[in-house]
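Here's the structure, in structure tokens; my notes come after.
There are 2 protein chains.
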Amino acid sequence: MKELLYLKDDQLKDLIEKLFVGYRETFSDSKKILDKYSIGLAHQKVIHLLSMYEGISISKLLKKLKVTKQSLNRVLKDLIKLEIIVFKKDDLDTRIKHVYLNEKGKKIFEEIFLLQKKRIYNALLDSSSEEVINFDKVLKKIING
Amino acid sequence: MKELLYLKDDQLKDLIEKLFVGYRETFSDSKKILDKYSIGLAHQKVIHLLSMYEGISISKLLKKLKVTKQSLNRVLKDLIKLEIIVFKKDDLDTRIKHVYLNEKGKKIFEEIFLLQKKRIYNALLDSSSEEVINFDKVLKKIING
DNA sequence: TTAATATGTCAATATAACTTACCTATTATG
DNA sequence: CATAATAGGTAAGTTATATTGACATATTAA
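These protein sequences, in sequence, are chains A and B. Residues 108 to 252 in our numbering are what the first sequence spells out, letter by letter. Residues 108 to 252 in our numbering are what the second sequence spells out, letter by letter.
Now the structure itself:
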């Protein structure tokens with residue numbers, strides 16, 4: 108945008124609203140499945156991260172989620188009750204706990220993800236690869252800003 | 108993306124995580140100002156919409172926020188106590204209430220927005236106008252999907 | 001030996017939302 | 001005109017998610 112003299116507030120406001128709506132819709136499409144297993148948005152996010160980062164440690168989960176460990180622990184306890192996660196101590200540093208989805212957990216994730224990804228999938232399918240690359244680029248810049 | 112054979116789940120997962128992080132960071136940058144006025148994220152969202160859609164009706168606010176009116180009313184009552192919003196009945200249909208930020212409200216919004224927009228502003232400034240246009244395009248498709 | 005790290009837990013509180021139910025005005029429609 | 005639909009409000013209770021602060025244990029690093 109260097110070639111533009113200035114960015115108008117209206118455009119920024121509009122993008123901020125869209126970021127909110129895009130997030131909200133993307134994370135509500137799978138609500139029916141979450142209800143089926145009596146879990147919520149917080150659980151969905153943890154399951155999502157566990158599927159992306161298999162064996163992630165508790166502290167790394169906390170950093171990604173930006174919540175307190177008390178908050179994360181509530182969610183993890185629910186997932187243990189649901190019998191969908193397992194822990195494994197680190198071989199070298201036994202303080203560290205690695206968290207994994209077990210087979211049941213992976214199946215539940217797929218159920219959730221099947222609904223959740225549709226929205227993104229269709230949007231990308233309807234876009235050129237350049238548009239997708241640029242979308243990703245700008246989103247990255249927003250995150251790292 | 109029609110030219111690609113398929114979209115990989117890993118890419119979709121990554122985008123979903125980024126959408127979450129982008130939203131969260133964008134709506135947490137202004138936390139200090141919100142604390143100053145003892146309000147929260149819900150209030151910020153309402154103030155944001157009021158600044159975008161001056162005189163928006165209650166029902167349209169509800170549709171944009173996708174919350175119940177009980178939930179919205181709690182927020183509006185806080186904003187009334189803060190003395191930053193005013194209502195005006197519709198001239199033709201007096202059932203309809205239009206909501207506005209008053210001068211104090213507009214100033215508080217600007218305080219919030221000044222912090223909040225930095226992240227987006229810098230990201231866009233660091234991007235080409237084409238990248239920005241494509242970002243907006245794909246985000247729109249995600250929303251309307 | 002001591003400090004730092006990784007994790008867990010108790011208790012209390014806050015925020016934002018929900019459900020269910022019922023209410024008043026006002027406007028639209030048969 | 002009678003009735004239905006719409007716009008908005010409210011009360012009570014509940015749930016989901018998160019917080020703060022304090023404290024505890026085990027392990028590793030300095």
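C-beta: ideal position from N, C-alpha, C; glycine also.
Counting only unbroken stretches of 4 or more residues, the alpha helix (DSSP H) elements lying wholly within the region 126-214 of chain A are 138-143, 148-159, 165-172, 176-188, in sequence order. Out of Asp197/A, Tyr144/A, Ser137/A, Ile146/A, the CA that lies nearest to the CA of Ile163/A is found in Asp197/A.
Looking at the backbone, the Cα of Val206/B and that of Arg202/A are separated by about 54 Å.
Taking CB atoms only, His150/A has no neighbour in chain B less than 8 Å away.
Counting of Cβ neighbours within 10 angstroms places Lys211/A among the exposed residues, the total staying below 16. For Lys247/B, the closest C-alpha among the options Val239/A, Ile249/A, Lys248/A, Asn251/A is that of Val239/A. In this structure, DSSP gives Leu114/A a state outside helix and strand, which the three-state scheme calls coil. Sequence-distant partners of Leu231/B (beyond 5 residues in either direction) whose C-beta falls short of 7 Å from its own C-beta, in its chain, are Val239.
Inclusion of Leu208/A and Ile191/A in the CB contact set at 8 Å is warranted, their separation being smaller than that value.
For Ile192/A, the nearest beta carbon of chain B is not closer than 8 Å to its own beta carbon. In this structure Glu124/B is in contact with His155/A, their Cβ atoms being roughly 7 Å apart against a cut-off of 8 Å.
Scanning its chain for C-beta atoms nearer than 7 Å, with the 5 sequence neighbours on each side dropped, one finds around Ile227/A the residues Thr133, in chain order. For Leu119/A, same chain residues with a beta-carbon under 7 Å away, outside a window of 5 residues either side, do not exist. With a threshold of 8 Å between beta carbons, Asn209/B makes no contact with chain A. Residue range 236-251 is occupied by the alpha helix (DSSP H) that includes Asp243/B. Chain B places a beta carbon closer than 8 Å to that of Gly129/A, counting this residue as a contact.
Note that the C-beta distance between Asp136/B and Leu122/A is not below 8 Å. The Cβ atoms of Ile165/B and Val128/A lie no closer than 8 Å to each other. Burial state of Ser236/A is exposed, judged by a 10 Å Cβ sphere holding fewer than 16 other Cβ atoms. Nearest to Val182/A by C-alpha distance, out of Ser158/A, Asp200/A, Val153/A, is Val153/A.
Val245/A sits away from Ser158/B, with the two beta carbons spaced by 8 Å or more. Relative to the Cα of Val174/B, the nearest Cα in the group Arg131/A, Ser145/A, Asp142/A, Val193/A belongs to Arg131/A.
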